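4 protein chains.
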Amino acid sequence: MTEMTETSPGWLTPDELEATRARMPILYIDAVPVRVDEAGVVTRVGLLLRIGSGGKVSRALVSGRVLHHERVRDALMRHLEKDLGPVALPQVPASPQPFTIAEYFPTQGVTPYHDPRQHAVSLAYVVPVAGDCRPRQDALDLVWFTPQEAASPLVQQEMTGGQGVLLKQALAHVGCLP
Amino acid sequence: MTEMTETSPGWLTPDELEATRARMPILYIDAVPVRVDEAGVVTRVGLLLRIGSGGKVSRALVSGRVLHHERVRDALMRHLEKDLGPVALPQVPASPQPFTIAEYFPTQGVTPYHDPRQHAVSLAYVVPVAGDCRPRQDALDLVWFTPQEAASPLVQQEMTGGQGVLLKQALAHVGCLP
Amino acid sequence: MTEMTETSPGWLTPDELEATRARMPILYIDAVPVRVDEAGVVTRVGLLLRIGSGGKVSRALVSGRVLHHERVRDALMRHLEKDLGPVALPQVPASPQPFTIAEYFPTQGVTPYHDPRQHAVSLAYVVPVAGDCRPRQDALDLVWFTPQEAASPLVQQEMTGGQGVLLKQALAHVGCLP
Amino acid sequence: MTEMTETSPGWLTPDELEATRARMPILYIDAVPVRVDEAGVVTRVGLLLRIGSGGKVSRALVSGRVLHHERVRDALMRHLEKDLGPVALPQVPASPQPFTIAEYFPTQGVTPYHDPRQHAVSLAYVVPVAGDCRPRQDALDLVWFTPQEAASPLVQQEMTGGQGVLLKQALAHVGCLP
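Residue numbers (our numbering), protein chains in the order written: chain A, 6 to 183; chain B, 6 to 183; chain C, 6 to 183; chain D, 6 to 183.
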């Protein structure tokens with residue numbers, strides 16, 4: 006795309022770029038860790054248990070930013086290792102095609118996803134995990150749910166920002182939505 | 006995701022956010038405009054003809070940034086209208102799942118896609134276009150190619166930044182790669 | 006695949022073929038008719054209203070067999086025209102990739118889908134419909150539901166054979182699962 | 006779908022079923038075995054080397070029928086084990102969504118795929134393989150190619166029935182089409 010710098014309306018000049026950089030959508034990944042059986046059927050879904058700033062318990066997907074000059078699949082690996090530990094053995098998909106995108110808006114109701122701090126657009130993947138998971142940092146625990154449990158109102162209401170919807174979309178994609 | 010602001014390692018504090026915002030991947034869309042027959046078979050692929058800063062002719066997909074607080078499908082509509090005119094009648098896909106993502110790196114060779122100015126991650130869609138196309142702004146023309154022609158070396162070498170590869174991926178996705 | 010007739014274990018001899026033909030999976034398509042807004046967002050889902058042999062009311066997707074020497078997209082067109090009438094103007098997807106496959110087993114519980122008469126494997130597509138729909142033949146009516154209504158227990162319990170699950174998978178795929 | 010047996014035009018009566026069973030599309034799977042690196046990038050594609058009935062050498066994907074009352078993922082496992090041996094450790098995808106479908110017609114030119122013996126519709130998947138591959142039965146060998154080699158004219162011309170096109174579609178799907 007070298008040649009179209011100054012002419013293409015789809016590409017900004019350095020000045021325009023600088024001016025708009027302060028407010029732009031931020032690229033994220035969401036990963037749904039799963040256990041699969043020998044034939045690839047999802048048997049369990051892993052959710053992180055977190056304690057929020059107000060002491061409120063919530064369950065979350067593996068989620069985080071893509072950094073400058075980082076490939077999406079490397080961002081997936083980094084966040085999975087950060088949240089599940091170094092021996093989780095995640096199988097990042099061969100295809101870069103996400104099963105969906107989740108558009109987290111700072112305003113409620115534009116999409117099913119919401120993030121009060123920013124406009125984040127997340128590429129969502131289902132990632133089979135074969136090894137031992139040892140949650141680190143702020144995550145208290147990783148709990149494995151059956152697809153039935155993961156889609157239940159009990160678990161859904163413990164998820165925030167629309168991640169419960171995203172989880173159900175993942176279950177639908179792997180053919181395990183109850 | 007309200008409750009996990011301060012604790013989640015996947016989310017940055019306001020200070021960290023400010024510091025990294027200057028260098029982060031920029032979210033783009035790429036659209037491949039196509040003509041389809043009654044049964045949905047792609048019969049033609051539309052490519053923009055542009056004259057670059059050095060006078061070099063190139064062919065390009067419809068491409069551009071997603072703005073802050075703009076849905077991806079609204080960005081698709083905006084760039085399609087900008088490049089194809091107001092009566093092109095694009096049929097933006099019902100599903101937000103892109104057929105692939107194109108990671109344009111400022112460094113050559115990390116991925117098949119390259120953009121010397123920035124790290125852009127583009128969500129790529131095939132978009133059937135039913136109406137009249139009237140290229141505007143800097144685009145000289147829109148030319149409709151058969152899938153066979155679009156994948157030919159002649160057309161491929163007129164595309165830059167890896168968009169030729171992305172075009173072939175689109176053709177593969179719709180079952181029209183020769 | 007001409008050369009591997011007699012040698013490939015994946016291909017049967019004419020005799021074996023004859024013997025197994027009596028019992029093999031039957032290829033189907035399932036189409037979820039939708040109304041979309043200008044930006045491609047699904048606003049309504051169309052369900053057929055049928056009266057079953059026992060007088061029981063049920064709601065159904067557009068569904069049917071793929072015939073010998075018929076392309077999958079032609080089967081989609083044929084069943085859509087048969088069920089929605091000749092001026093429904095369905096937009097069959099450019100890509101042949103189904104959003105999922107539904108494996109209807111004659112035995113309950115193998116998959117979420119069930120058909121007591123046969124083993125059918127169905128390729129499932131979401132199909133935007135732009136024109137007037139006039140249900141024909143045995144379908145009494147076509148009713149347009151919001152995504153919210155379509156996923157509700159009320160509508161779900163009127164669908165049989167697992168088509169309610171398939172409908173929710175379609176809604177998840179287009180980002181409209183409540 | 007119990008209630009709609011006699012009424013739905015999409016479903017045949019037992020007599021019609023019997024009459025048409027002799028000539029109907031046959032359900033297949035095609036699997037593209039791949040080696041991936043730690044981040045999921047495809048580094049090699051595995052192709053079977055076969056000697057056809059006329060002594061002609063050809064390269065082929067793992068391919069074969071889905072049997073009555075067999076799940077698609079079990080058919081994938083069976084054909085992969087049959088062609089790659091019992092310790093290949095294939096990772097059948099969690100999602101049943103194929104990356105494309107290949108419609109092999111007995112008549113040339115209807116689609117890019119051709120099978121002179123029958124109308125077969127194949128669900129195509131990319132399958133990472135982690136273990137040792139020991140081709141069995143009629144396959145002489147399994148050769149691992151780089152994506153570059155797999156898409157080259159040399160390899161493409163050794164593939165028959167349109168499997169070369171299908172292989173390129175698989176490469177496009179995983180972002181490795183040269």
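Beta carbons: idealized from backbone N, C-alpha and C, even for Gly. Note that this is a predicted model, so its numbers are computed, not measured.
Legend entry - Presumed contact (8 Å Cβ cut-off) between C:His-124 and D:His-124, rounded CB distance: No, C:His-124 and D:His-124 are not in contact; Cβ-Cβ is about 18 Å, not under 8 Å.
Inset, instruction - Just tell me which of C:Val-170, C:Arg-70, C:Gln-162, C:Ala-80 has its CA closest to the CA of C:Ser-63. - result: Measuring from the Cα of C:Ser-63, the nearest candidate turns out to be C:Gln-162.
Inset, instruction - Just the C-alpha distance for B:Arg-55 and B:Lys-61, rounded to the nearest angstrom, thanks. - result: Each residue's Cα considered, the two are about 8 Å apart.
Inset, instruction - Give every residue of the same chain whose Cβ lies closer than 6 Å to the Cβ of A:Phe-48, excluding the five residues on either side of it in the sequence, and list them in chain order. - result: The sequence given here places Thr at residue 48 of chain A; Phe does not occur at that position. Taken in chain order, the residues that qualify are Arg-40, Asp-42.
Inset, instruction - Output the boundary residues of the beta strand (DSSP E) element that contains D:Asp-88. - result: Counting along the chain, D:Asp-88 falls outside any beta strand (DSSP E), though it belongs to the alpha helix (DSSP H) covering 77-89.
Legend entry - Neighbour list for B:His-178 in chain D, Cβ cutoff strictly below 9 Å: B:His-178 reaches chain D at Phe-104, Thr-105, Gln-174, Ala-177, His-178, counting residues in chain order whose Cβ is nearer than 9 Å.
Legend entry - Check whether A:Leu-171 and A:Ala-129 have beta carbons under 8 Å apart: Contact: yes.
Inset, instruction - Rounded to whole angstroms, what's the CA-CA distance from A:Gly-135 to A:Gln-102? Just pull it up for me. - result: According to the sequence displayed, residue 135 of chain A carries Ala and not Gly. If you take the alpha carbons of A:Ala-135 and A:Gln-102, they lie about 22 Å apart.
Legend entry - Every unbroken beta strand (DSSP E) within the segment 107-162 of chain D, with a cutoff of 3 residues, ordered by chain: List check, beta strand (DSSP E) in window: 125-133, 146-150.
Legend entry - Three-state class that DSSP yields for D:Ala-4 in the structure shown: Residue numbering for chain D in the displayed model covers 6 to 183; residue 4 of chain D lies beyond these limits and cannot be assessed.
Legend entry - Status (buried if at least 16 other CB within 10 Å, exposed otherwise) for A:Glu-11: The pLDDT assigned to A:Glu-11 is 35, lower than 50, so where the model puts this residue is not dependable; a value taken from the coordinates is nonetheless given after this. So A:Glu-11 counts as exposed.
Legend entry - Positions along the segment 53-71 of chain B whose CB lies within less than 7 Å of some CB in chain D: Identification of residues in the segment 53-71 of chain B having a C-beta nearer than 7 Å to some C-beta of chain D yields an empty set.
Legend entry - Partners in chain B for A:Leu-32, counting only beta-carbon separations shorter than 9 Å: Within 9 Å Cβ-Cβ: Met-29, Pro-30, Ile-31, Leu-32, Val-126.
Inset, instruction - Can you grab the Cα-Cα spacing for the pair C:Gly-51 / A:Ala-175, in whole Å? - result: Between C:Gly-51 and A:Ala-175, the C-alpha separation is close to 24 Å.
Inset, instruction - Return the first residue and the last residue of the beta strand (DSSP E) that D:Val-67 is part of. - result: In the DSSP assignment, D:Val-67 falls within the unbroken beta strand (DSSP E) covering 67-70.
Legend entry - Straight-line gap, D:Arg-1 to D:Leu-66 (C-alpha atoms, nearest Å): Outside the shown range of chain D, which is 6 to 183, sits residue 1 of chain D, and nothing can be said about it.
Inset, instruction - Using the Cα positions of D:Pro-183 and B:Arg-76, report the straight-line distance between them to the nearest angstrom. - result: Answer to the nearest angstrom: the Cα atoms are 32 Å apart.
Inset, instruction - Could you tell me whether the Cβ of C:Leu-182 comes closer than 8 Å to any Cβ of chain A? - result: Proximity of C:Leu-182 to chain A, defined by a Cβ-Cβ separation below 8 Å, is satisfied.
Inset, instruction - Can you give me, in chain order, the residues of the segment 76-89 of chain B that have a beta carbon less than 8 Å from any beta carbon in chain A? - result: So the close ones are Arg-76, Val-77, His-84, Lys-87, Asp-88.
Inset, instruction - Take D:Ile-31 and list the residues in its own chain whose beta-carbon comes closer than 6 Å to its own, dropping the five residues that flank it on each side. - result: Gln-123, Ala-125, listed in sequence order.
Inset, instruction - Could you list the residues in the segment 106-118 of chain D with a C-beta less than 8 Å from some C-beta on chain E, going in chain order? - result: Of the chains in the structure shown, none is chain E; the protein chains are A, B, C and D.
Legend entry - Unbroken beta strand (DSSP E) run spanning D:Gly-51, endpoints: The continuous beta strand (DSSP E) containing D:Gly-51 extends over residues 47-56.
Legend entry - Nearest-angstrom Cβ-Cβ length linking A:Ala-93 and A:Asp-137, presumed shorter than 8 Å: Indeed, because the Cβ distance is near 7 Å, the residues count as touching under 8 Å.
Legend entry - Inter-residue spacing [alpha-carbon to alpha-carbon] between A:His-184 and D:Gln-168: Outside the displayed range of chain A (6 to 183) lies residue 184 of chain A, so it cannot be described from this structure.
Legend entry - B:Val-170 at chain D interface by Cβ criterion, 8 Å: At a cut-off of 8 Å between beta carbons, B:Val-170 contacts chain D.
Inset, instruction - Please state whether DSSP places C:Leu-32 in a helix, a strand or coil. - result: It is a strand residue.
Inset, instruction - Kindly give me the distance between the Cβ atoms of C:Val-115 and C:Ala-36, rounded to whole angstroms, as I take these residues to be in contact under 8 Å. - result: Not quite, the Cβ-Cβ distance comes to about 24 Å (not below 8 Å), so this is no contact.
Legend entry - First through last residue of the alpha helix (DSSP H) which encompasses A:His-178: First-last of the alpha helix (DSSP H) with A:His-178: 168-178.
Inset, instruction - Give the straight-line distance between the Cα atoms of A:Ser-68 and C:Pro-91, rounded to the nearest whole angstrom. - result: Cα-Cα distance, rounded: 47 Å.
Legend entry - Nearest-angstrom Cβ-Cβ length linking D:Leu-85 and D:Leu-147, presumed shorter than 8 Å: Not quite, the Cβ-Cβ distance comes to about 11 Å (not below 8 Å), so this is no contact.
Inset, instruction - Can you grab the Cα-Cα spacing for the pair D:Pro-14 / B:Ile-34, in whole Å? - result: Its pLDDT being 41, under 50, D:Pro-14 is placed unreliably in this model, and the value from its coordinates should be taken loosely. The alpha-carbon atoms of D:Pro-14 and B:Ile-34 are separated by roughly 42 Å.
Inset, instruction - Within its chain, find whatever has a CB closer than 7 Å to the CB of D:Met-29; leave out the 5 residues flanking it on each side and keep chain order. - result: Answer for D:Met-29: no residue qualifies.
Inset, instruction - Give a yes or no on whether the C-beta atoms belonging to B:Gln-113 and C:Gln-96 are separated by under 8 Å. - result: No, the pair does not count as a contact, with Cβ atoms beyond the cut-off.
Inset, instruction - Verify the CB distance criterion: does C:Gln-96 have a CB-CB separation below 8 Å to chain B? - result: Closer than 8 Å to some Cβ of chain B, the Cβ of C:Gln-96 qualifies, so yes.
Legend entry - Alpha carbon of A:Ala-156 to alpha carbon of A:Met-164, nearest angstrom: Taking the straight line joining both Cα atoms gives about 11 Å.
Legend entry - Beta-carbon proximity list for B:Glu-8, same chain, < 8 Å, skipping 5 on both sides: Note that B:Glu-8 has pLDDT 35, beneath the 50 cutoff, so the model's placement of it is unreliable and no number is given.
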